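As given, the protein sequences belong to chains A and B, one line each in that order.
Going by the numbering used here, the residue at position 119 of the first sequence is 119; the numbering climbs one at a time, nothing skipped.
Position in the second sequence counted from 1, then plus 1000, gives you the numbering used here.
Glycine included, C-beta positions come from ideal geometry on N, C-alpha and C.
Remember, it's a predicted structure, so these values are computed and weren't measured experimentally.
Only one structure is covered here, and it is reproduced in the block below.
There are 2 protein chains.
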Amino acid sequence: MKIEDEIRQKPFKDAYSKAVVNLLYTHSYLVTEQSKIFKPHDLSPEQYNVLRILRGQHPEPITVSSIQDRMLNKMSNASRLVEKLKIKKMVERKECAVDRRQVDITITGKGLEILEQLEEEVNKFNKSILNLTKSEVEQLNDLLDKLRG
Amino acid sequence: MKIEDEIRQKPFKDAYSKAVVNLLYTHSYLVTEQSKIFKPHDLSPEQYNVLRILRGQHPEPITVSSIQDRMLNKMSNASRLVEKLKIKKMVERKECAVDRRQVDITITGKGLEILEQLEEEVNKFNKSILNLTKSEVEQLNDLLDKLRG
DNA sequence: TCTATTTCAATGTATATACAATTAATGTAT
DNA sequence: ATACATTAATTGTATATACATTGAAATAGA
């Protein structure tokens, strides 16, 4: 449905203004649906993302600031997310030997298991949540990659 | 830049998985930039959105639940956002005469003034933040409108 | 070496999102 | 008319985002 109708708004000033609102609205739609997958596993979308970053390095550790760098939201707070995951025993934290300011984070067996369980489900979700053909999705990716300048 | 490079990640499983991440990442980019406009006016992007909804009805009032319906994020909390705006004297709250459960919200002169001041700036921002041609932006809007099914 | 600056992680505070629970008012059914 | 269900708004609690500050450790420069 056209976004003007969904949020019952007057026509937008121009396509650019519409696109900004459209991106915000689509994001909300996406995250709301996505949360339903992660919730039964006691994970938020952001915590899931941190686990994926850690798996990408496994079995090597990665520092908190490197996690931050790779997070989808640069303004988020890797330190606190790691703490939440540690409480759930999905990650381990170890003082870095060469630089004691840094903290080495590693995903645990439990963390890897949960990612494994979610893998199939997430792939299915990603395909089904976007009501677009393959070529449309590719177009969308190109536009988003270009959009950010 | 391609998102794989920006977040230093391995290639995605498929275009759909990439698009989901791409939308989350682009949203974060957008909101971070957008906040810089609203901050000097002591508004968050969400509060700005509520003010726009109220202006759309002005001078008629609108109930809290109608605001909620039209918000970009359906899971947000119109009641609390209205309270914040009331403290700043940008909106007024009045018990609804015909149904005392409802609360009529109206934008104040001060609220309208601030929207007025922001108008030009927001239009310029929306145009400059999206590094796309007019026809690309239109394409993007079509894809997003279709995406949500 | 000693001082100043920078870096890394953690912490504090405000706002917003997500979702459950509560309370008052209204509507409905018998 | 009374009991029951529904609706509207508020409130509570947990998580996350946004941004500033702190404190410890490392680095650079005089």
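Asked	Found
Could one say the Cβ of B/ASN1077 lies closer than 7 Å to chain A's Cβ atoms, at least one of them?	no
Is the CB-CB distance between B/VAL1137 and A/ALA15 below 7 Å?	yes
Quick check: is the beta carbon of B/ASP1145 nearer than 7 Å to any beta carbon in chain A?	yes
Would you report the Cα separation of A/PRO45 and A/LEU72, rounded to the nearest angstrom?	10 Å
Can you tell me whether DSSP reads A/ILE105 as helix, strand or coil?	strand
If you measure beta-carbon to beta-carbon, which residues of the region 11–30 of chain A are closer than 8 Å to chain B?	LYS13, ASP14, ALA15, TYR16, SER17, LYS18, ALA19, VAL20, VAL21, ASN22, LEU23, LEU24, TYR25, THR26, HIS27, SER28, TYR29, LEU30
By DSSP, does A/THR26 sit in helix, in strand, or in coil?	helix
Touching or not, the region 23–41 of chain A and the region 1024–1036 of chain B, by the rule of three or more beta carbon pairs under 8 Å?	yes
Using a C-beta to C-beta distance shorter than 8 Å, which residues of chain B count as neighbours of A/THR32?	LYS1074, MET1075
Going by beta carbon distance, what residues of the same chain come within less than 8 Å of B/GLN1117, once the five residues before and after it are set aside?	HIS1041
Within 8 Å, do at least three Cβ pairs link the region 96–111 of chain A to the region 54–62 of chain A?	yes
Am I right that A/ARG52 and B/ARG1008 are in contact with their C-beta atoms under 8 Å? What's the rounded C-beta distance?	So it is not a contact: roughly 12 Å between Cβ atoms.
Output the boundary residues of the beta strand (DSSP E) element that contains A/LYS74.	Unbroken run through A/LYS74: none, as it is neither H nor E.
Just list the alpha helix (DSSP H) runs in the region 1010–1061 of chain B, keeping only unbroken ones of 4 residues or longer that don't cross its boundaries, in chain order.	1015–1038, 1045–1057
If you drop the 5 nearest sequence neighbours on each side, which residues of the same chain put their C-beta closer than 7 Å to that of B/LEU1130?	VAL1137
So, is the C-beta of A/ARG80 closer than 7 Å to a C-beta in chain B?	no
Looking at A/ILE37: is its Cβ nearer than 7 Å to the Cβ of A/GLU121?	yes
What residues are listed by DSSP as bridge partners for A/THR63?	A/ASP104
Around the C-beta of B/LEU1126, are 16 or more other C-beta atoms found within 10 angstroms, so that it is buried, or is it exposed?	Per the sequence shown, the amino acid found at residue 1126 of chain B is Asn instead of Leu. Buried, by the Cβ-count rule.
List the residues of chain A that B/GLN1009 touches, going by C-beta distances under 9 Å, in chain order.	ARG52, ILE53, GLY56, ARG70
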